[in-house]
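Enquirer: In the working numbering, the protein residues as written are 6 to 129. Every residue, glycine too, gets a C-beta built ideally from N, C-alpha and C. Predicted, not measured: the structure shown is a model, and the values here were computed from it.
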């Protein structure tokens with residue numbers, strides 16, 4: 006006889022979503038502050054890697070919230086807890102790692118070429 010779980014993890018789904026959302030807002034605000042400081046601090050010792058250190062904590066919050074959201078969503082659809090975590094954790098970590106690498110390369114590119122290099126509307 007197969008037993009369905011009595012309480013699907015709707016609460017964890019909501020917690021994961023809210024954690025990712027609030028961490029995303031914190032990341033956005035921190036990134037705006039970093040980019041606004043760049044023109045006034047045009048020195049050689051300001052490296053994009055030091056800017057990425059400030060973004061690490063909000064980004065870890067996004068990664069954790071995404072993992073919790075994805076794993077809880079899989080559990081709601083009937084996956085066992087261990088399988089849901091086994092699928093949700095690698096997908097979340099791999100995706101967030103790729104986004105982190107892209108963010109670092111874009112910040113390096115913007116700092117080297119300037120913000121105007123990203124304006125795709127002005128290209129012929």
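(1) On the three-state DSSP scale, how would you describe residue 93?
(2) Curious, which full-length alpha helix (DSSP H) runs of at least 4 residues does the region 61-119 contain?
(3) Return the CA-CA distance between residue 41 and residue 34, expressed in angstroms with no decimal places.
(4) Quick check: the region 82-100 against the region 15-31, are there 3 or more CB pairs under 8 Å?
(5) In its own chain, which residues sit with a C-beta less than 6 Å from the C-beta of residue 76, not counting the 5 before and 5 after it?
(6) Residue 114: buried (16+ other C-beta within 10 angstroms of its C-beta) or exposed?
(7) Use the C-beta contact count for residue 30: other C-beta atoms within 10 angstroms, 16 or more gives buried, fewer gives exposed.
Expert: The short version:
(1) helix
(2) 86-118
(3) Rounded to whole angstroms, residue 41 to residue 34 spans 11 Å at the Cα level.
(4) no
(5) 89, 90, 93
(6) exposed
(7) exposed
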